[in-house]
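Asks:
Number of protein chains: 4
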Amino acid sequence: MAVIGTGKMGADHVRRLHEVISGARVAAVADIEPERAKSLAATIEECTAYTEPAAAMASQEVDAVLVASPGPAHEAALVEALDRGLPVLCEKPMTPDTASSLRILEAEQRLGRRRIQVGFMRRYDVEYAKLKGLLDGGELGRALMLHQRHRNLAMPPGFTDEMLITSSVSHEVDATRWLLDEEIAAVTVHKPRATSLAPDGMNDPQFVLLETVSGALVDVEIFGHCGYGYQVQAEAVCERGTVRIGDEQGLRVSVEGRWGGHVPPDYVERFEDAYDREVQAWVDATRRGEVTGPSAWDGYAASAVCEAGVVSQRQGGRVEVELVERPDLYR
Amino acid sequence: MAVIGTGKMGADHVRRLHEVISGARVAAVADIEPERAKSLAATIEECTAYTEPAAAMASQEVDAVLVASPGPAHEAALVEALDRGLPVLCEKPMTPDTASSLRILEAEQRLGRRRIQVGFMRRYDVEYAKLKGLLDGGELGRALMLHQRHRNLAMPPGFTDEMLITSSVSHEVDATRWLLDEEIAAVTVHKPRATSLAPDGMNDPQFVLLETVSGALVDVEIFGHCGYGYQVQAEAVCERGTVRIGDEQGLRVSVEGRWGGHVPPDYVERFEDAYDREVQAWVDATRRGEVTGPSAWDGYAASAVCEAGVVSQRQGGRVEVELVERPDLYR
Amino acid sequence: MAVIGTGKMGADHVRRLHEVISGARVAAVADIEPERAKSLAATIEECTAYTEPAAAMASQEVDAVLVASPGPAHEAALVEALDRGLPVLCEKPMTPDTASSLRILEAEQRLGRRRIQVGFMRRYDVEYAKLKGLLDGGELGRALMLHQRHRNLAMPPGFTDEMLITSSVSHEVDATRWLLDEEIAAVTVHKPRATSLAPDGMNDPQFVLLETVSGALVDVEIFGHCGYGYQVQAEAVCERGTVRIGDEQGLRVSVEGRWGGHVPPDYVERFEDAYDREVQAWVDATRRGEVTGPSAWDGYAASAVCEAGVVSQRQGGRVEVELVERPDLYR
Amino acid sequence: MAVIGTGKMGADHVRRLHEVISGARVAAVADIEPERAKSLAATIEECTAYTEPAAAMASQEVDAVLVASPGPAHEAALVEALDRGLPVLCEKPMTPDTASSLRILEAEQRLGRRRIQVGFMRRYDVEYAKLKGLLDGGELGRALMLHQRHRNLAMPPGFTDEMLITSSVSHEVDATRWLLDEEIAAVTVHKPRATSLAPDGMNDPQFVLLETVSGALVDVEIFGHCGYGYQVQAEAVCERGTVRIGDEQGLRVSVEGRWGGHVPPDYVERFEDAYDREVQAWVDATRRGEVTGPSAWDGYAASAVCEAGVVSQRQGGRVEVELVERPDLYR
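Sequences listed follow chains E, P, R and A, in order.
Counting from 1, one number per residue, gives the positions in the first sequence under this note's numbering.
Counting from 1001, one number per residue, gives the positions in the second sequence under this note's numbering.
Counting from 2001, one number per residue, gives the positions in the third sequence under this note's numbering.
Counting from 3001, one number per residue, gives the positions in the fourth sequence under this note's numbering.
1) With a 10 Å radius around its C-beta and 16 neighbouring C-beta atoms as the bar for buried, classify A1042/P as buried or exposed.
2) Cα separation between A1037/P and V1029/P?
3) Name the two residues that bound the continuous alpha helix (DSSP H) containing Q3315/A.
4) Check whether chain R comes within 9 Å of S1254/P, counting only Cβ atoms and requiring the distance to be less than that.
5) Suppose you measure from the CA of V2173/R to the CA of D2181/R; what does that come to, to the nearest Å?
6) Quick one: list the residues of chain R neighbouring M3121/A, beta-carbon separation under 7 Å, in chain order.
7) Quick one: does the C-beta of V3029/A sit closer than 8 Å to a heavy atom of the ligand PLP?
8) Nearest by alpha-carbon distance to T1286/P: which of Q117/E, V79/E, V126/E, W259/E is it?
9) Determine whether the Cβ of H225/E lies closer than 9 Å to any Cβ atom of chain A.
10) In three-state DSSP terms, what is E2272/R?
11) Going by C-alpha distance, which of V3/E, D31/E, G246/E is nearest Q148/E?
12) Between T2087/R and chain E, is the shortest Cβ-Cβ distance under 9 Å, so that the two count as touching?
13) Name, in chain order, the residues that DSSP records as bridge partners for V3253/A.
14) Check for me: the beta strand (DSSP E) holding R2318/R runs from which residue to which?
15) Check the C-beta distance from L1217/P over to L1179/P and give it rounded, since I have them as a contact under 8 Å.
16) Please list the partners that H147/E has in chain P, where partner means a Cβ-to-Cβ separation under 8 Å.
17) Compute the Euclidean distance between the alpha carbons of F3207/A and E1139/P, then round it to the nearest angstrom.
18) Starting from D219/E, trace the beta strand (DSSP E) both ways and give me its first and last residue.
19) In this structure, does DSSP put A1285/P in helix, strand or coil?
20) Just confirm the distance between the C-beta atoms of A1186/P and E320/E, as a whole number of angstroms; I'd bet it's less than 8 Å.
21) Return the residue from the list E75/E, R114/E, D83/E, G309/E that minimises the CA-CA distance to T98/E.
22) What residue does the beta strand (DSSP E) around L89/E start on, and which one ends it?
23) Tell me the residue span of the alpha helix (DSSP H) that contains A99/E.
24) How far does the alpha helix (DSSP H) with T1176/P in it reach, from first residue to last?
25) Does any residue of chain P bring its CB to less than 9 Å from the CB of L197/E?
26) Under 9 Å, Cβ to Cβ, is there at least one residue of chain E near I1245/P?
27) Any beta-carbon of chain E closer than 9 Å to the one on D1031/P?
28) Using 9 Å as the limit for Cβ to Cβ distance, is R334/E near chain A?
29) Interface residues of chain E around V2237/R at Cβ under 8 Å?
30) Per DSSP, which residues does Q3117/A bridge with? Please list them.
31) Anything in chain A within Cβ reach of D2063/R, meaning under 8 Å, just list it in chain order.
32) Beta strand (DSSP E) containing A2186/R: first to last residue?
33) Residue ranges of each beta strand (DSSP E) run of no fewer than 3 residues wholly in the region 3123 to 3158 of chain A, ordered along the chain?
34) With V1971/R and W1282/P assumed to form a contact (beta carbons below 8 Å), what rounded beta-carbon distance in angstroms separates them?
35) Cβ of A1296/P within 9 Å of Cβ of E45/E?
36) Could you give the first and the last residue of the continuous alpha helix (DSSP H) run that contains A56/E?
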């Protein structure tokens, strides 16, 4: 992989590709600031730093490109990747405006095959994915409305009213199009009175109505300075029930006289993620020459307790657990 | 990696190491049934099938061993791995009884360094990890009691009363020792009347009391045939508050006149997992020569909606969204 | 009390005044259908049935009037009550339109003192009252937005689009005015595509935006045929936090990096309602010559268990509970 | 009614009977401290203060007795009431020990009809009543276990280990007998290490196991100094599902692969309590010569907003609300 852009987002993707992701290797990074690229490359084995995106993509080692440079630099990087036929994961927004977006669409059509994935990561969130599955399953009937909330603790300096739409609500725009599987036909932005926690002159929060081509109505509360944390919630109102996510409760459905959620059938579903983390932690420790998890002592002690338990189970009453003295190796 | 045992658990670990885990490669699998090992090895590039665990571990390609064979086979595999100095992740139980566990402890001490990690995966569950962090942080004071629930939809044929302790409650035994950071001093098993959904003669559910050496009291409801799903819950009762997990609500704390949970400060915490899944999905698709996620059309359409939104924001009122016709490539 | 109108609502209020409410007696009921009034009056001691509201109000026994007749009959009843200076609880809507409402305002001003209370009962709901208290307390800062949901299983035959506003959303209109303590300056009604569960031609659900004079923005989802039950929810978005009700969780507040609710300090708050119900049930049974609650046997048996508990507490171990044989009187 | 004992509990019951309860009048109060009885009687019309319970019960005005004196005084009061054939609501514990309880049972049997109700008020709590209804309905099958939690912020000075059982756990003892409809056969009290927030020498919390005659197992955590509030929770583990109360979520059931609760079918169930409070508040204000609830102005303003809403609904777009100037009477 080549990673273009080594700022906060790019550096995090490099770390992710290196430490978390299976089946990928970061062979090149590029940044307009050579020192930043170099110091990041130095954290990865056999990774070369470049100043030019094109040079990074030209490396023999590079089969795919992750673009995490600032928005205005995306178009050139995407064109370069398309010229080389490389698959690209491009952070959102794909490009800063529709005119440049259309040029990218045309270039990809000329190539004749899809190479570009845009970084709308909510589609990969577990709760959003379950919501999408439920809507597609059709049990709740057609969606008539979506209520969405997007709250931030505070915005960075320089954040503008316009960015509330282009940088923040753009996530709900994609989520709406994806969840409902149709385009948006019209937009109306409302401005309630502003919070005193926002910078002077900023209209924050705002309330955005989206109308889809089939007539669904979608509302989005965007609040840049809610003052208490980051909170993303969505509720779909369907013909036969409603479903909510983002509420610290998984998927919460109201249907047929009841509200609630799903109890998994087995440990595979409940602890799948724990198994993944366990094995990853073990692999990581192994590569460092360490053993960090539950030890043989833990295995022994659990056995000793269970043996006492089986005696209590058979005979009744309280059974004391006898352990050998704990060896130094396990202290 | 070598994976010893290619039954349900072993095969799942092979898939995990191959598709999910970063930095590991399955070079060898071993199973007493040669055909099973071969057909699993065939799903992985450059992976060799063996009948003997020792032969798999002897491979030049093997730096570490994951033991997922039946419990009675663990001791021999562990001894073999220790002889070779290989790090091992061994599924629970480490060995079937304390006598064999003690032999493993001695063997590892002779080697003089820890090589064995036992597969108590709950320590890697996100909610358990947060609970552990909260208890260790000390804000709630010392833990006085733990209430634990362990419910299964139903147990496989042949599951015995004894296995309720050795196979099921052993998870709570380890969780207790880990969360409270101390050993268990005594066990008492109680048997309420049995559910009619359990096989004839089986005492299910059971209720287990564990006493730790420092005097904390722990109760475990083990229910093998609860009939509605798999549910694992824990509640720690501390000197200044209580905290519960497994309740479809994340970490739920009661302290200082309120109950509730945590709102994350930013998208990094909220969507970290979504970013991981996004990039993994992209890497997987790239390796298959595909692009599967949000397309350039999705990037363009989001831009077009946001542009209309900015116009509505500036001028007020409803603004229609104009899209070019959707090219065939993106249908 | 006189109760005017003995339909479903009026009859329920008669029952309420008779069985639940302290300090009131229903002395007169009036209904345009004499038989309906008579049969209801017959269920109450010393209650007279009338056809004319004025005649009921003229009774010497009547100090106050509850108006539960159909909306178009309210104006005449209110005028009659005002002429007599009687306090009135009038079901909503007060009158069917603003012209008649203004005539009532003028009549009450001529009388020079407030006599009329309108039946907006949400102000008396425990959760709404807590929400109002929290907003008035000011801890969360000024409210900027209110999100409200009002869902019905289905509407009775003859229910129109217009009634979605005048009969249903009117509750949210009052709740908004009361919670925010200000008037509403403008209204916009949006119509998403209709559910197939509504009658042909009905636009259901609808989405109503209310703007208050100080600039707060309020949205109301009104859904007459949601198909799964009756659900009323409200969320206030304030400068320093958000708070939600109607969610089967009491008052749920998000503030300062956490979400959650209140743990009461004592049994008085937690069980106040249970004490009220207990004593009411006992009084009701006493008046019927019965004793229905926990018996002396229950008091004895609890003592016997507690005595055994104290022995176990002192001596340790399991203590059997000895009970005398249960006398026939308590079977 | 006569109320015997005018301490905290007795005075609260006098207020309840006077202000909340329908169909009862407090005609007599008695207390060993004459001044306390007199000052309480002075708050009620036509209520006489007595020193002797027997004298209060002898009043011609008294048809029933509420006993809220200290436990050791109960037996004499109950005997007196039985002698007069008066129905009694007696605060718990009925009497301080089983010997005196048995004497009461005998006295009531000699009378030949039940006259005594014991004040186990949890049976009247809405959530407990729903739990009882669900267990009795049989949908979840037989109850096998009950888990109960009983936590207090702190206990008053002088509270002893023994009172944890006799004064606190006695509530769970009655709840168990009532919910499961059977007697308790044995008790075991466990003492985990004590919280440092309890007085020196007090074993707090404690953990009590109750075994019912049919073999159900019940555990009770009693915690007198949990430090964060008052929390009472119960979970029934049945053959086909589990159900929990006391969790700020109403009745929460896990059954058939899902967890959750009930959505009411209509406003009658959802707002029944609000209607009761509304009418009681109106009656109370009426008796004070006041009108305190939503005014005619509120009725008018709601109409005006709804009229604007209907115009928007018909014509589309935003419609401003026109209000006449608010008259002084409604400021």
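Note that the Cβ used here is the ideal one computed from N, Cα and C, for glycine as well.
Note that the coordinates shown come from a computational prediction; the quantities given were computed from them, not determined experimentally.
Replies: Here's the rundown:
1) exposed
2) 6 Å
3) 3296 to 3315
4) yes
5) 12 Å
6) F2271, A2274, Y2275, E2278
7) Although the ligand PLP was asked about, the structure shown includes no ligands whatsoever.
8) Q117/E
9) no
10) helix
11) G246/E
12) Looking at the sequence itself, residue 2087/R is Pro, so the reference to Thr does not match. No, its Cβ sits nowhere closer than 9 Å to a Cβ of chain E.
13) V3243/A, G3260/A
14) 2318 to 2320
15) Not a contact, Cβ separation roughly 14 Å.
16) Simply none; closest approach about 17 Å.
17) 24 Å
18) 217 to 223
19) helix
20) 5 Å
21) E75/E
22) 88 to 90
23) 98 to 111
24) 1170 to 1180
25) no
26) no
27) no
28) No statement about residue 334/E is possible, as the shown extent of chain E runs from 1 to 331 and does not include it.
29) P205, E221, F223, C226
30) L3089/A
31) T3286
32) 2184 to 2190
33) 3143 to 3151
34) There is simply no residue 1971/R to check, as chain R begins at 2001 and stops at 2331 in what is shown.
35) no
36) 53 to 58
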